[in-house]
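Okay, structure first, notes after.
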Amino acid sequence: MMEEHQVVTLPVLEQKELTPIDLLNNAINKGVDAAGVVMLTEVFERMEAKRAEKEFIQALIDFRRVCPPIPKTKKGVHDALFTPLPELARIVDPLLVERGLTYTFNTFLKENMMQIDCKLYHMGGHSTITNFYYPIDKVAAERMKMTATHAGASASYLGKRY
């Protein structure tokens, strides 16, 4: 005579990801002193920064894989072709955002130079800043009848494109 076997399905237990607070509470409950808690916190922060940097690099790799060549559609001084900033943004912004990336600009006037800082952020928490310095061409500004404000804005605009 054959025995019947009954199949029993056990529920899958979801393992909760521990938060930094959970880890610190566990350490305190196991008797880790204040110096140990500080050390654990520093280790965790370094691990998180490294994870965020890896995610950032992967997002950049993914972006470069899909970013098309940027067409130069406008003629500037001496007939040099360039891509206007709004056109550049129209092409790259959606590709960046899909990968959790975005950017901001800060500009600073330093004597006859415009400093443009571009900060690239990733949603994982990592960011990097690139500085670009662009001269304010006072001779060209005078020739083109630009005010000092317009000359500075022109240098800022050119620097952001680069």
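Read in order, the letters of the sequence shown are residues 73 to 234 in the working numbering.
A virtual CB, placed ideally from N, CA and C, is assigned to each residue, including glycine.
TODO: In the DSSP assignment, find the beta strand (DSSP E) that holds Asp189 and state where it starts and stops.
DONE: 185–194
Open item on the list: Going by DSSP, what residue range makes up the beta strand (DSSP E) through Thr202?
Closed with: 199–207
TODO: Please confirm if the stretch 189–207 is in contact with the stretch 115–134, defined as three or more CB-CB distances below 8 Å between the two stretches.
DONE: yes
TODO: Please name the residue in Ser228, Pro158, Ile100 whose C-alpha comes closest to that of Thr145.
DONE: Pro158
Task: Lys182 in three-state terms, based on DSSP - done: strand
Open item on the list: Taking the beta carbon of Arg171 as the centre, do at least 16 other beta carbons fall within 10 Å, making it buried, or is it exposed?
Closed with: buried
Open item on the list: Counting beta carbon pairs with one atom in the stretch 96–104 and one in the stretch 163–182, are three or more of them shorter than 8 Å?
Closed with: no
- [ ] Determine which residues share a DSSP beta bridge with Tyr229 and list them.
- [x] DSSP lists no partner for Tyr229.
TODO: Would you mind working out which of Asn98, Lys182, Ile133, Pro92 sits nearest Val115, comparing C-alpha positions?
DONE: Pro92
Task: Inter-residue spacing [alpha-carbon to alpha-carbon] between Glu89 and Asn98 - done: 14 Å
Open item on the list: Just verifying my parser: in three-state terms, what is the DSSP assignment at Leu90?
Closed with: coil
Open item on the list: Quick check on this structure: which residue in Lys210, Ser228, Asp94, Ala212 has the alpha carbon closest to the alpha carbon of Cys190?
Closed with: Ser228
Task: Spatial distance of Phe135 from Leu168 (CA atoms) - done: 6 Å
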